[in-house]
Amino acid sequence: MIDPMFIGMVFEACIIIMASILLLLILKKYFERKHELTLYLFIIFLNFTISIVFTWLSKVLRLYTGLKYLTDPSVADPGTIESWFLLRIISFRFAMIFITLAILFTYILKINLFDVEANKIHKMIVFIYTGVSIVYMLFIYIKGNLLLDIITFTIVAIFIGAIYIPFMRRCLGAYKNVDDTTFKKAFLSLSIMSICFILVFVFQIIDRIFMLLYSIPGYTVFYYLGWISAIVAILCAYLGYIKPKAQEK
């Protein structure tokens, strides 16, 4: 029987390839038009893609390194620099950091689109939250401590809700209020992008819950739906916003 982790690794490799192709297309459009908002979208998608790379690496490490402390909870952390990095990779800490950065750049995109004179206190809170979150993910870690990992997911879930839900509402409002077809498609695509990125995290949480409740050795359908949502988000933004914007005279 094929190891479910191997299946997950292959699936994530395919997602990374698709995401990389879309990233190159987005970067190409940016160099053609030098549009600042396109650059922000590229940075957002780049960070999400890097987070997928780290989840893929976590599977590669557990499958092929032969390091017992990465696969056996009863084996203690050797306390080396190498183990410091590897344990945070397999615990998705680095993946969560890049998701957090993607959310931050979404907030910056929102400011540039809708709130040029954004509340300075609100901006400060967002940046402080980002910094504190990253510090927590890097340094507040104990091997095998599930509570600390749950806190990590909670931190990111709160950030996603706080940034993407208002961003989605503003995009939907702009979609309803503009008459130009190109801009309507652009705002609709950004709304779909927001929904899909929220779903990435929602599906991943549901997947973990099912695995814990029912002792499922592999991944549920929600795991695959999560990363598919990420590709849909990038594709929608590219076809609905970046490509049309780059074609403007």
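The numbers in the numbering used here rise by one with no breaks, and the one at position 70 of the sequence shown is 72.
Here a beta-carbon is modelled for each residue, glycine too, at the ideal position from N, C-alpha and C.
Tell me which residues share the same chain as TRP229 and place their Cβ nearer than 6 Å to its Cβ, disregarding the 5 neighbours each side in the sequence. Excluding residues within five positions, the ones whose Cβ falls inside 6 Å are ILE17.
Could you please give the first and the last residue of the uninterrupted alpha helix (DSSP H) stretch that includes HIS124? Per DSSP, the continuous alpha helix (DSSP H) segment holding HIS124 begins and ends at 122-141.
Buried/exposed call for ASN114, threshold 16 Cβ in 10 Å: ASN114 sits exposed, since fewer than 16 C-beta atoms from the chains shown fall within 10 Å of its C-beta.
For ILE144, which of helix, strand or coil comes out of DSSP? DSSP places ILE144 in coil when its eight states are reduced to three.
In the structure shown, what three-state DSSP assignment does MET20 receive? In this structure, DSSP gives MET20 a helical state, which the three-state scheme calls helix.
Other residues of its chain near ILE233: CB distance less than 7 Å, five sequence neighbours each side excluded: Excluding residues within five positions, the ones whose Cβ falls inside 7 Å are ILE17, MET20 and ALA21.
Relative to the C-alpha of LEU149, which candidate in ASP74, SER93 and PHE199 has its C-alpha closest? Residue SER93 is the option with its Cα nearest to LEU149.
For ARG35 and LEU25, the rounded distance between their alpha carbons: Approximately 16 Å, taken between the alpha carbons.
Check whether the Cβ atoms of SER60 and THR102 sit closer than 8 Å, and answer yes or no. Going by C-beta atoms, SER60 is not nearer than 8 Å to THR102.
Could you have a look at SER76 and say whether DSSP puts it in helix, strand or coil? In the three-state reduction of the DSSP assignment, SER76 falls in the coil class.
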